[in-house]
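Protein chains in written order, with the UniProt record's numbering: chain A, 1 to 250; chain B, 1 to 250.
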């Protein structure tokens, strides 16, 4: 680049006022997000910038409904699945049965979209009774991108563990739902036992991953829709965040 | 919800074929992303699902150019800034001068958009010579959302540290650029010294944050556009990922 080009550069740098051309956003609370900022709110959720949040901002409920029901959610999930698969294929497996991958269940292996459609896509606060009734139905469909990844991992020789925030009393319904939606041959399904109740998800899930590591498993990959599925300690070599703008679990 | 509603539910669950209505995406390499998946690729970058990548996929260069130049980037940054600010205001400062916030510089405090506009928004591989020439100009404008946050943090009483992957020989140009674009009163500016060369950014930055902690600083917040600004060890209480779909630093 010659000096003339550099000068043009400098001029464009000094006139980069377009970055300021919109008045600065005021965001006093998540309840007052202007609707044209909903996509940015969603990004903040997916990157864990949003921190803890209780419900989808009212101004963004329509946006979330459209996102979840349309092509964007499916495409975003597909890309996560393909990137997970590309990583999995790059792993050199030891082949002793200790090459592990950990999956969360809700909004990861199974989609509760039919349930959340019914209750307005995150607008309502989480209702445990109503969700428990839905779980009992064992009717959640597989998330297609995760289903495809799950099967490929087993073909590649990974040992698959399921680690969910659901509780032991939901074991039957959960296993039934997994089998009905086509999942099989997982090594172990972890649910919250009595001693796990009340723990933050990231603590409970870190403890279970640490158990696996102490048994000699190498956790290469971990798939989940919540940052609390993926962080903490005993984290996987690669963690994959599946989109979920409907709810937040600490 | 009565049993009739549950039945409707079940039916909608069993017919959730729309999740499968598009053929599954094939993504053999980042070089072959269908252009209608570029937004999903960007999300994968922002959530750290993409792992290491060398350049923007050719099919997504136009998408990235439009994203960076238009409203979306500015809005996404604004929301990160406002969420950072909301967190900062929630921190109870001890007030002993050890309440710290760490900022990265490039694409965090300063925007190199004029430079990347010139070289085609990430399509070209990173060219150190050309970027060094740009740095020497000290002409990068402030990222407005970070500028606003930076000033608010100082008003609130945080001690601000700057931690950049730039090298010591760029100290003068970097300080000049920061001052010209309006930043002032940072406590310390860390640049890579001779012993830091060749280290992955996450190692170098973790080491520097650990130094601060050993000096008694409490790192409440950390702002950066790369996951390697934020992860590793001695991580902040809250980390804020600023968007950057143009390049990746391991």
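Heads up, the beta-carbon is just placed ideally off N, CA and C, and yes, glycines get one too. From a predicted model like this one, the values you see are computed outputs, not experimental measurements.
Helix, strand or coil at residue i [DSSP, three-state]
{"i": "residue 53/B", "result": "coil"}
{"i": "residue 227/A", "result": "helix"}
{"i": "residue 199/B", "result": "coil"}
{"i": "residue 190/A", "result": "strand"}
{"i": "residue 27/B", "result": "Caution is warranted here: a pLDDT of 47 is assigned to residue 27/B, below 50, making its placement in the model unreliable, and the coordinate value is therefore given only provisionally. Coil, per DSSP."}
{"i": "residue 4/B", "result": "Note on residue 4/B: pLDDT 36, under 50, position unreliable in the model; the coordinate value appears next. Of the three classes helix, strand and coil, the one that applies to residue 4/B here is helix, per DSSP."}
{"i": "residue 140/A", "result": "coil"}
{"i": "residue 110/B", "result": "strand"}
{"i": "residue 167/B", "result": "strand"}
{"i": "residue 87/A", "result": "helix"}
{"i": "residue 58/A", "result": "helix"}
{"i": "residue 21/B", "result": "Note that residue 21/B scores a pLDDT of 38, beneath 50, so its modelled location is shaky; the value from the coordinates is reported in the next line. Reduced to three states, the DSSP call for residue 21/B is coil."}
{"i": "residue 121/B", "result": "coil"}
{"i": "residue 183/B", "result": "coil"}
{"i": "residue 246/B", "result": "coil"}
{"i": "residue 233/A", "result": "coil"}
{"i": "residue 131/A", "result": "helix"}
{"i": "residue 47/B", "result": "coil"}
{"i": "residue 153/A", "result": "helix"}
{"i": "residue 13/B", "result": "Unreliable positioning characterises residue 13/B in this predicted model, as indicated by a pLDDT of 32, which lies under 50. A coordinate reading is not provided."}
{"i": "residue 64/A", "result": "helix"}
{"i": "residue 92/B", "result": "coil"}
{"i": "residue 211/A", "result": "helix"}
Beta-carbon proximity of residue i to residue j, cut-off 7 Å
{"i": "residue 238/B", "j": "residue 221/B", "result": "yes"}
{"i": "residue 84/A", "j": "residue 109/A", "result": "no"}
{"i": "residue 180/B", "j": "residue 162/B", "result": "no"}
{"i": "residue 112/A", "j": "residue 104/A", "result": "no"}
{"i": "residue 100/B", "j": "residue 156/B", "result": "no"}
{"i": "residue 47/B", "j": "residue 47/A", "result": "yes"}
{"i": "residue 75/A", "j": "residue 37/B", "result": "yes"}
{"i": "residue 245/A", "j": "residue 80/A", "result": "no"}
{"i": "residue 214/B", "j": "residue 192/B", "result": "no"}
{"i": "residue 241/A", "j": "residue 133/B", "result": "no"}
{"i": "residue 140/B", "j": "residue 172/B", "result": "no"}
{"i": "residue 65/B", "j": "residue 121/B", "result": "yes"}
Closer than 7 Å at the beta carbon, the chain B residues around residue i
{"i": "residue 251/A", "result": "Because residue 251/A is not part of the residues shown, which for chain A are 1 to 250, the question remains open."}
{"i": "residue 37/A", "result": "75, 79"}
{"i": "residue 238/A", "result": "51"}
Residues that residue i contacts on chain A, provided the C-beta gap is smaller than 7 Å
{"i": "residue 67/B", "result": "By Cβ distance, chain A contributes nothing, its closest Cβ being about 11 Å from residue 67/B, past 7 Å."}
Sequence-distant residues of its chain with Cβ nearer than 7 Å to residue i (five each side left out)
{"i": "residue 250/A", "result": "52, 200, 201, 228"}
{"i": "residue 97/B", "result": "159"}
{"i": "residue 33/A", "result": "27, 41, 57, 59, 60"}
{"i": "residue 126/A", "result": "247"}
{"i": "residue 187/A", "result": "159, 160, 161"}
{"i": "residue 210/B", "result": "233, 234"}
{"i": "residue 21/A", "result": "Caution is warranted here: a pLDDT of 37 is assigned to residue 21/A, below 50, making its placement in the model unreliable, and the coordinate value is therefore given only provisionally. Excluding positions up to five away in sequence, the list is empty."}
{"i": "residue 54/B", "result": "125"}
Identified DSSP bridge partners for residue i
{"i": "residue 102/B", "result": "161/B, 222/B"}
{"i": "residue 238/A", "result": "221/A"}
Neighbourhood of residue i by C-beta distance below 6 Å, restricted to the same chain and skipping five residues each side
{"i": "residue 236/A", "result": "219, 221, 222"}
{"i": "residue 208/B", "result": "163, 190"}
{"i": "residue 24/A", "result": "The predicted model places residue 24/A with a pLDDT of 43, which falls under 50 and marks its position as unreliable; any figure quoted below should be read in that light. Excluding sequence neighbours, residue 24/A sits near nothing in its chain."}
{"i": "residue 230/B", "result": "222, 224, 239"}
{"i": "residue 169/B", "result": "none"}
{"i": "residue 67/A", "result": "73"}
{"i": "residue 93/A", "result": "99, 157"}
{"i": "residue 196/B", "result": "204"}
{"i": "residue 115/A", "result": "134"}
Heavy atom of the ligand PLP within 6 Å of residue i beta-carbon
{"i": "residue 184/A", "result": "Absence of the ligand PLP from the depicted structure is noted, as is the absence of any ligand whatsoever, leaving it without description."}
Residue i: contacting residues in chain B (beta-carbon distance under 8 Å)
{"i": "residue 208/A", "result": "Residues of chain B passing the Cβ test: none, with the nearest at roughly 22 Å."}
Chain D within 7 Å of residue i, Cβ atoms only
{"i": "residue 218/A", "result": "Judged by its chain identifiers, the structure shown contains no chain D, and its protein chains are A and B."}
Other residues of its chain near residue i: CB distance less than 8 Å, five sequence neighbours each side excluded
{"i": "residue 154/A", "result": "160, 185"}
{"i": "residue 39/A", "result": "63"}
{"i": "residue 183/A", "result": "109, 142, 147, 150"}
Per-residue contacts from residue i into chain A (C-beta, under 8 Å)
{"i": "residue 241/B", "result": "47, 48, 49"}
{"i": "residue 41/B", "result": "79"}
{"i": "residue 87/B", "result": "51"}
{"i": "residue 83/B", "result": "27, 44, 49, 50, 51"}
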